[in-house]
Amino acid sequence: MSAHEDQADVERVLAGDTSAFEGIVRRWQGPLINLAYRFCWDRGRAEEMAQEAFLRAYRGLGKWRKEAAFSTWLFALAANLYRSELRRIPATVSLEEVAEPSDSRAADGGIEKVDRDRAVRRAVLALPPKYRETLILFYFHDMDVSAAAKSLGLPEGTVKARLYRGREILRSKLPPLLSAPRLREAL
Amino acid sequence: MKPDDLDRVLSQKEEILPSSGFAAAVMDAVRLEASAPPPIPFPWKRAVPGIAAACLAVVLVFVEAIRHQGPQQLPPAWLPVLELVIRVVTSPAVGWLTLTQLLAFASVTLSMRLSSGRG
Chain A
31 MSAHEDQADV ERVLAGDTSA FEGIVRRWQG PLINLAYRFC WDRGRAEEMA QEAFLRAYRG
91 LGKWRKEAAF STWLFALAAN LYRSELRRIP ATVSLEEVAE PSDSRAADGG IEKVDRDRAV
151 RRAVLALPPK YRETLILFYF HDMDVSAAAK SLGLPEGTVK ARLYRGREIL RSKLPPLLSA
211 PRLREAL
Chain B
3 MKPDDLDRVL SQKEEILPSS GFAAAVMDAV RLEASAPPPI PFPWKRAVPG IAAACLAVVL
63 VFVEAIRHQG PQQLPPAWLP VLELVIRVVT SPAVGWLTLT QLLAFASVTL SMRLSSGRG
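Which chain is which? The protein sequence lines are A and B, in order. So the first sequence is numbered by the numbering used here: it starts at 31 and just counts up by one. So the second sequence is numbered by the numbering used here: it starts at 3 and just counts up by one.
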């Protein structure tokens, strides 16, 4: 359904009806902001980057070839923009500052889990960009290698190799960090 | 940490909701973009012959000036450079080089037009 709506809206925009772009924005604002958030862990910056992604999509609507789904094209465009932005100005927000509104484990005595999750995310942000971007997109697309490869514009084999290497780096770095006696201070 | 732990942590959906005015802000920016006049493309078609003619004229003026003035009036350090320039400009290979450059330019232009669907 969404694919047909996207195509209809794109055709209307290309025919000169700018207001039809609002349908695209409303359908995809959540995913695009959340993808940006995974890159920078800063809500304000995520919205700024998502807005820029929508503007670029608007400018480049005519370049969508319709061979791939509109969402694939849009995610590739957004991912490319986010990657460039994060390489230009790296994320500076500490994961200590990241709100975890849905996480009630701390109140249940699950503080170690919370800290471990933060440590993992922090370690992902510290990865070299090519591994970090691949891991972010792989998990954003529900561990779908093919979708991550399309968003990155890379062959699936390259994505698999980067995932393997990225995970290896994470595994090599995380155990000592997690076994530290005073984890909170270490983070 | 087990591999599945890594998957569990990294695939956690920590969704954030767009702020209430986000879509409106995007549409304002889009309307602003739509109402702005399109950027004027650089007139390459007209500029390229002019640029080429200007470059050629500079080289010719330089060579002619040297011929009329005589190389002996130049600082000695310039002489090897001057000799090199005259040798390159008067070499028959220059014609071939120019031809290959023009062919390469035409080939790139044609392939870009074909790939963008304007050909």
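Glycine included, each C-beta is placed from N, C-alpha and C at the ideal position. All figures in this text were calculated on a predicted structure; none of them were measured in a lab.
Identify each residue in the stretch 80-92 of chain A for which the Cβ-Cβ distance to at least one residue of chain B is less than 8 angstroms, and report them in chain order.
-> A80, Q81, F84, L85, Y88 and R89
Identify whether I199/A lies in helix, strand or coil by the three-state DSSP scheme.
-> Helix, per DSSP.
At 7 angstroms on the CB atoms, spell out the chain B contacts of L165/A, in chain order.
-> L12
Outcome for L62/A when other beta-carbon atoms lying within 10 angstroms are tallied against a minimum of 16 | buried
What's the gap between the Cα of Y88/A and the Cα of E35/A?
-> 16 angstroms
Local conformation of L157/A per DSSP, three classes | coil
F170/A in three-state terms, based on DSSP | helix
Near V65/B, what residues of its chain come up, given a Cβ to Cβ distance below 8 angstroms and the 5 sequence neighbours on each side ignored?
-> Once the five neighbours on either side are set aside, the close Cβ partners of V65/B are V87, I88 and V91.
What three-state label does DSSP hand Q103/B in the structure shown?
-> helix
Run through DSSP, which three-state label would A29/A get?
-> Since the displayed chain A opens at 31 and closes at 217, residue 29/A lies outside it and no answer follows.
May I ask you to list, following chain order, the residues of the stretch 44-64 of chain A that have a beta carbon less than 7 angstroms from some beta carbon of chain B?
-> Taking 7 angstroms as the cut-off between beta carbons, the residues of the stretch 44-64 of chain A near chain B are T48, F51, E52, V55, R56, Q59, G60, I63 and N64, in sequence order.
Identify the continuous alpha helix (DSSP H) that holds K180/A and give its terminal residues.
-> V175 to L182
Can you tell which of I54/A, E52/A and D72/A has its C-alpha closest to the C-alpha of I18/B?
-> Ranking the options by Cα distance to I18/B, first place goes to D72/A.
Confirm, please, whether the CB-CB distance from V189/A to V175/A is below 7 angstroms.
-> Taking 7 angstroms as the cut-off, the beta carbon of V175/A is found closer than this to the beta carbon of V189/A.
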